[in-house]
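**Student:** Questions regarding the structure given below will be posed in turn.
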């Protein structure tokens with residue numbers, strides 16, 4: 033009779049003393065990015081990889097990713113739920129994201145989809161996103177003909193690109209100006225001027241021409257300004273023609 | 193919360209149940225067993241000797257007359273032999289270690305019961321025991337001891353020793369072949385010389401008194417003359433005449449001579465042969481009584497108004513016969529009886545001169561099935577499990593459950609606690625040798641080894657329970673096959689109810705969010721349960737009322 037009682041007590045001790053505090057390392061062992069630095073161009077892609085403990089149950093392998101400073105490709109927003117798969121003997125959850133056009137830091141966090149109710153298991157990592165610096169500028173118009181005396185408007189769009197022909201970071205300023213072929217100011221008027229680049233790496237403005245004879249050419253020029261507001265060498269121009 | 197209240201209510205009801213609702217009268221009469229001594233078995237072959245219950249054994253073939261003591265001994269089997277369990281103890285008289293079977297219990301018996309009725313206090317379960325019935329010398333042994341005494345007194349020591357062997361053999365229980373008395377011949381001889389011989393000597397002296405009672409030959413002849421052929425009972429008058437003519441009136445009066453055998457050549461017996469003298473005296477007294485009765489009939493035919501010389505002789509003969517009967521024969525008969533009683537009392541007071549009879553018994557289970565039935569009991573009840581949830585707070589899980597109580601000793605669940613004596617109530621408990629100040633003697637036991645005592649083991653059990661139904665809390669799951677396991681000590685009260693507390697084994701989701709498999713975890717439980725038999729009886733009652 034004694035032996036079974038001893039076994040019973042051991043069983044109770046073993047079951048009763050099981051720890052209920054789980055270390056993060058027992059859930060996620062690692063988080064890694066494919067790049068440590070990325071340009072805030074809104075177009076580059078980075079892969080975040082989270083390594084799960086191999087003994088995860090098949091129905092508990094979904095990982096919820098969250099990001100600040102970017103968006104996930106899979107969902108086009110800041111949250112994505114990805115199922116981990118075995119790769120080379122490791123249980124990995126991978127997700128691709130794009131940085132935003134605002135330079136700074138990008139933080140990706142991952143946590144198990146199942147809620148423990150009493151403890152959070154969040155693994156995260158932060159990388160830097162550097163400015164995507166404009167290297168080229170392209171000016172486009174909604175039409176090359178324009179009426180005089182401000183009777184019609186054209187939409188002017190200046191698109192900036194970096195050295196990789198991707199978007200530039202947010203906040204670059206563009207200066208629009210017009211002149212006649214004789215070198216004098218055309219004195220056109222601008223409306224809805226968006227002087228700084230946004231996520232789309234563009235600046236737009238609506239332009240209306242003053243009173244000029246039909247056939248008069250107006251040169252529209254746009255120039256990237258530096259942080260001090262001075263003109264840079266990055267510029268583009270086009271001609272509009274008075275047709276009425 | 194409702195379930196918790198129900199649990200509390202159930203507990204209160206159980207505790208407040210009056211005894212009469214569950215009890216029955218407490219006496220030895222609850223269990224009466226009938227045992228046939230000659231066949232050495234119970235009248236009913238299915239008889240089970242109870243434990244934890246007082247009971248009575250009626251022993252056919254034995255009675256309580258002359259029963260001195262009844263002892264119960266614990267018995268154990270050693271090397272295939274059934275032996276009394278011995279105890280090692282310090283002999284207080286010499287300070288050495290000794291071993292002996294110590295009496296376990298002094299048994300009560302109904303005085304003068306025939307057949308013998310033995311009262312036996314509650315026994316422990318699973319005990320082999322012997323009941324030794326110690327009688328004062330029974331008649332066959334008493335007769336043999338008289339013979340021994342007679343031979344010693346007559347200095348026939350060789351014959352006396354042989355007779356003593358026969359006497360000792362007669363003390364042995366013929367069925368168990370165990371004897372109680374172990375007094376050796378030399379010891380008995382000493383004891384006779386110091387204590388019994390004086391009684392013999394006094395009896396001999398008393399018998400040698402001068403008797404005034406006499407009858408003459410003329411008186412006998414007068415009786416014969418008055419008798420007729422119509423009165424044949426007077427025919428053996430010649431025996432009395434022979435006694436008178438041979439001058440044997442004294443041996444006739446003290447019983448050395450049997451008047452009915454005088455003409456068959458019987459010799460005079462010794463004065464110390466009290467037993468034969470007693471028989472002779474009885475015979476002689478009957479003879480004289482018969483003669484006196486006949487003499488009364490003869491006197492009816494006498495003419496009282498004209499008495500003859502013969503009539504006067506008859507009258508004096510009648511007076512002499514009366515004197516012979518009352519002053520001679522009766523007095524001697526009383527003397528012999530007195531000696532007989534004294535010797536009887538003397539021998540009865542010798543503890544090692546007893547006849548004994550044995551009854552053997554074993555209670556408890558005789559097979560594995562009944563052994564299990566005495567240890568394992570089913571009950572059903574309500575349990576409250578408290579387990580740590582995933583939120584690290586205590587989760588309350590109420591469940592119905594079925595349980596098995598495993599006792600650490602056999603249990604008769606019909607036993608009332610009051611049937612079993614407390615240790616302090618066991619009279620004269622002594623585990624070994626002790627000195628009795630009152631009688632100034634060393635004594636042994638009783639050690640009550642086979643007696644049931646009130647203790648925790650009659651109530652305490654290991655309870656194994658299985659809960660019924662699924663657990664509504666999704667973080668938990670039953671331990672196995674839809675049932676969770678409850679393990680813990682249980683305490684039985686009011687015979688049918690049990691409270692239990694201990695560890696509940698169930699399954700809980702892992703704290704690790706990646707693990708979906710629920711792991712065995714331990715919680716605490718407290719429960720109240722009722723014996724299944726008790727529930728069955730309620731069901732039967734319900735069926736009777738609502739059929």
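Chains as they are written, first to last, in this note's numbering: chain A, 33 to 276; chain B, 193 to 739.
Idealized CB from N, CA, C, for every residue including glycine.
Computed from a predicted model, the values in this text were never measured in an experiment.
What are the residues of the stretch 597–611 of chain B that lie near chain A, defined by any Cβ-Cβ distance shorter than 8 Å?
**Tutor:** If the cut-off is 8 Å between Cβ atoms, the stretch 597–611 of chain B has 600 near chain A.
**Student:** Buried or exposed: which applies to residue 73 of chain A, given that a residue is buried once 16 or more other Cβ atoms fall within 10 Å of its Cβ?
**Tutor:** Buried, by the Cβ-count rule.
**Student:** How many Å lie between residue 617 of chain B and residue 381 of chain B at the Cα?
**Tutor:** Their Cα atoms are separated by approximately 43 Å.
**Student:** Would you tell me roughly how many angstroms separate the C-alpha atoms of residue 262 of chain B and residue 326 of chain B, rounded to the nearest one?
**Tutor:** Taking the straight line joining both Cα atoms gives about 6 Å.
**Student:** Could you tell me the alpha carbon to alpha carbon distance between residue 221 of chain B and residue 535 of chain B, rounded to whole angstroms?
**Tutor:** Going by the C-alpha atoms only, they are around 39 Å apart.
**Student:** Under the three-state reduction of DSSP, which class applies to residue 197 of chain A: helix, strand or coil?
**Tutor:** In the structure shown, residue 197 of chain A sits in coil (DSSP, three-state: anything other than H, G, I, E or B).
**Student:** Along the chain, where does the alpha helix (DSSP H) that runs through residue 781 of chain B open and close?
**Tutor:** Coverage of chain B is limited to positions 193 through 739, which leaves residue 781 of chain B absent and any answer about it impossible.
**Student:** Taking residue 268 of chain A as the reference, which of A:262, A:133, A:209 and A:130 has the closest Cα?
**Tutor:** Of the candidates A:262, A:133, A:209 and A:130, the one whose C-alpha sits nearest the C-alpha of residue 268 of chain A is A:209.
**Student:** Compute the distance between the beta-carbons of residue 60 of chain A and residue 82 of chain A, then report whether it is under 8 Å.
**Tutor:** Yes, the Cβ-Cβ distance between residue 60 of chain A and residue 82 of chain A is below 8 Å.
**Student:** Can you grab the Cα-Cα spacing for the pair residue 685 of chain B / residue 630 of chain B, in whole Å?
**Tutor:** Using only the alpha carbons, I get a separation of about 42 Å.
**Student:** Kindly give me the distance between the Cβ atoms of residue 744 of chain B and residue 296 of chain B, rounded to whole angstroms, as I take these residues to be in contact under 8 Å.
**Tutor:** No statement about residue 744 of chain B is possible, as the shown extent of chain B runs from 193 to 739 and does not include it.
**Student:** Assuming residue 137 of chain A and residue 159 of chain A are in contact, meaning their beta carbons sit under 8 Å apart, how far apart are those beta carbons, in whole angstroms?
**Tutor:** Right, their Cβ atoms sit about 7 Å apart.
**Student:** Is residue 91 of chain A buried or exposed, if buried means 16 or more other CB atoms sit within 10 Å of its CB?
**Tutor:** Looking at its Cβ environment, which holds fewer than 16 other Cβ atoms inside 10 Å, residue 91 of chain A is exposed.
**Student:** Taking 8 Å as the threshold, find out whether the stretch 254–270 of chain A comes into contact with the stretch 143–161 of chain A through three or more Cβ pairs.
**Tutor:** No, the stretch 254–270 of chain A does not touch the stretch 143–161 of chain A.
**Student:** With a cut-off of 8 Å on the beta carbons, I'd call residue 233 of chain A and residue 206 of chain A a contact; round off their distance for me.
**Tutor:** Incorrect: roughly 11 Å between the Cβ atoms, too far for contact.
**Student:** Excluding the five sequence neighbours on either side, which residues of its own chain have a C-beta within less than 6 Å of the C-beta of residue 454 of chain B, listed in chain order?
**Tutor:** Closer than 6 Å at Cβ, skipping near neighbours: 431 and 434.
**Student:** So, residue 699 of chain B versus residue 320 of chain B, is the Cβ gap smaller than 8 Å?
**Tutor:** No.
**Student:** DSSP three-state label for residue 271 of chain A, please.
**Tutor:** Reduced to three states, the DSSP call for residue 271 of chain A is strand.
**Student:** Among B:623, B:347 and B:657, which one has its Cα closest to the Cα of residue 643 of chain B?
**Tutor:** Closest by alpha carbon: B:623.
**Student:** Determine the DSSP secondary structure at residue 675 of chain B, reduced to helix, strand or coil.
**Tutor:** The answer is strand: DSSP assigns residue 675 of chain B an E or B state.
**Student:** Assuming residue 575 of chain B and residue 581 of chain B make a contact with CB atoms under 8 Å, what is their CB distance in whole Å?
**Tutor:** At roughly 18 Å, the Cβ-Cβ gap does not stay under 8 Å, so residue 575 of chain B and residue 581 of chain B are not in contact.
**Student:** Three Cβ pairs or more, each shorter than 8 Å: is that satisfied between the stretch 520–530 of chain B and the stretch 441–457 of chain B?
**Tutor:** Enough Cβ pairs lie closer than 8 Å, so yes.
**Student:** At which residues does the beta strand (DSSP E) containing residue 566 of chain B begin and terminate?
**Tutor:** Element bounds for residue 566 of chain B: not the beta strand (DSSP E) but the alpha helix (DSSP H), 560–567.
**Student:** Since I believe residue 245 of chain B is in contact with residue 223 of chain B (beta carbons under 8 Å), could you give me their beta-carbon distance rounded to a whole number of angstroms?
**Tutor:** That belief holds up - the Cβ atoms of residue 223 of chain B and residue 245 of chain B are roughly 6 Å apart, short of 8 Å.
**Student:** Can you tell me the Cα-Cα spacing of residue 280 of chain B and residue 697 of chain B, whole angstroms?
**Tutor:** Near 47 Å, if we compare the C-alpha coordinates of residue 697 of chain B and residue 280 of chain B.
**Student:** Could you spell out where the beta strand (DSSP E) holding residue 597 of chain B opens and where it closes?
**Tutor:** Start and end: 586–599.
**Student:** What whole-angstrom Cβ distance do residue 722 of chain B and residue 572 of chain B have, given they're in contact under 8 Å?
**Tutor:** Residue 722 of chain B to residue 572 of chain B, Cβ: 6 Å. Contact.
**Student:** Strictly below 7 Å CB to CB, what residues from chain A border residue 708 of chain B?
**Tutor:** Those within 7 Å of residue 708 of chain B in chain A are 89, 91 and 92.
**Student:** Based on the DSSP secondary-structure assignment, which residues constitute the bridge partners of residue 269 of chain B?
**Tutor:** According to DSSP, residue 269 of chain B bridges with B:274.
**Student:** Quick check: residue 467 of chain B and residue 338 of chain B, are their CB atoms within less than 8 Å of each other?
**Tutor:** Against a cut-off of 8 Å, the Cβ pair of residue 338 of chain B and residue 467 of chain B comes out as a contact.
**Student:** Check the DSSP bridge columns for residue 184 of chain A and list the partner residues they point to.
**Tutor:** According to DSSP, residue 184 of chain A bridges with nothing at all.
**Student:** Please confirm whether residue 96 of chain A has its beta-carbon closer than 8 Å to some beta-carbon of chain B.
**Tutor:** Chain B, which has no Cβ nearer than 8 Å to the Cβ of residue 96 of chain A, makes this no.
**Student:** Restricting to Cα atoms, I'd like to know which of B:293, B:506, B:236 and B:352 is closest to residue 641 of chain B.
**Tutor:** When each option's Cα is compared against that of residue 641 of chain B, the closest is B:293.
**Student:** So residue 548 of chain B contacts chain A; which residues on that side make the cut at Cβ distance below 8 Å?
**Tutor:** Going along chain A, no residue has its Cβ under 8 Å from residue 548 of chain B, so there is no contact; the nearest lies around 39 Å.
**Student:** When the Cα atoms are used, what is the spatial distance from residue 647 of chain B to residue 614 of chain B?
**Tutor:** The alpha-carbon atoms of residue 647 of chain B and residue 614 of chain B are separated by roughly 8 Å.
**Student:** If we define contact as Cβ-Cβ less than 8 Å, is residue 83 of chain A a contact residue for chain B?
**Tutor:** False, the Cβ-Cβ gap to chain B never drops below 8 Å.
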